[in-house]
Amino acid sequence: MSLAAAYAEIKLAHLALVAASGLLFAVRGAAVLAGQRWAMVKPLRVASYVIDTLLLAAGATLWTLLALQPLRDAWLGTKLVLLVVYVVLGSIALKRGRTPAARAAAYAAALTVFLYMVSVARAHHPLGVFAAWWS
3 MSLAAAYAEI KLAHLALVAA SGLLFAVRGA AVLAGQRWAM VKPLRVASYV IDTLLLAAGA
63 TLWTLLALQP LRDAWLGTKL VLLVVYVVLG SIALKRGRTP AARAAAYAAA LTVFLYMVSV
123 ARAHHPLGVF AAWWS
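So for the sequence shown, the working numbering puts the first residue at 3; every next one is plus one.
So, in structure tokens, the structure goes:
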């Protein structure tokens with residue numbers, strides 16, 4: 003398989019995993035806020051871990067194939083920082099938030115960060131969707 007073909011397949015997998023990860027988080031988060039116990043059952047938690055691990059592996063592979071560097075390629079550095087913020091907010095939203103209001107705020111913030119992270123990746127610019135305003 004050529005490098006170009008491998009890149010195309012890995013990128014497609016990465017995009018599908020982004021969609022799956024975001025959708026699973028959105029559904030589980032909404033269910034947790036609604037008090038639904040099924041959102042935290044072990045099979046869903048494991049599915050989330052598997053999807054997110056594969057997503058990270060696909061992203062790291064693309065990073066290597068494209069010889070990207072987070073300090074040189076500012077959009078990637080921004081995306082990595084946002085990823086950490088998203089994980090922390092997601093953890094608060096799903097299990098660590100002490101009150102329903104804290105969980106709801108973290109859930110809304112996590113979804114916002116997720117969407118912004120997608121816009122940064124699509125634009126290849128640290129400002130993501132806002133890049134056009136600053137060009």
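Each residue gets a CB set at the ideal place from its N, CA and C atoms; glycine is no exception.
Predicted model only: the values in this text are computed from it and were never measured.
Report task. Drop a sphere of 10 angstroms on the beta-carbon of Arg74, count the other beta-carbons inside from all chains shown, and report buried for 16 or more, exposed for fewer. Result -> exposed
Report task. Just confirm the distance between the C-beta atoms of Trp77 and His127, as a whole number of angstroms; I'd bet it's less than 8 Å. Result -> 5 Å
Query raised in the report: Which class does Asp75 belong to by DSSP, given the choice of helix, strand or coil?
Result: coil
Query raised in the report: Using the C-alpha atoms, what's the distance from Lys13 back to Leu58?
Result: 12 Å
Query raised in the report: Pairing CB atoms from the stretch 38-45 with CB atoms from the stretch 109-123, are three or more of them under 8 Å?
Result: no
**Report entry** Proximity of Ala133 and Ala125 at Cβ, strictly below 8 Å
**Finding:** yes
Query raised in the report: Would DSSP call Arg100 helix, strand or coil?
Result: coil
Requested in this report: Would you check if the distance between the CB atom of Leu84 and the CB atom of Tyr118 is smaller than 8 Å?
Outcome: yes
Query raised in the report: Would Thr55 be called buried (16 or more neighbouring beta carbons within 10 Å of its own) or exposed?
Result: exposed
Report task. Classify Arg98 as buried or exposed, calling it buried when 16 or more other Cβ atoms lie within 10 Å of its own Cβ. Result -> exposed
Requested in this report: Assign His16 to one of three DSSP states: helix, strand, or coil.
Outcome: helix
Query raised in the report: Thinking C-alpha only, which one of Val34, Leu70 and Leu26 is nearest Ala49?
Result: Leu26
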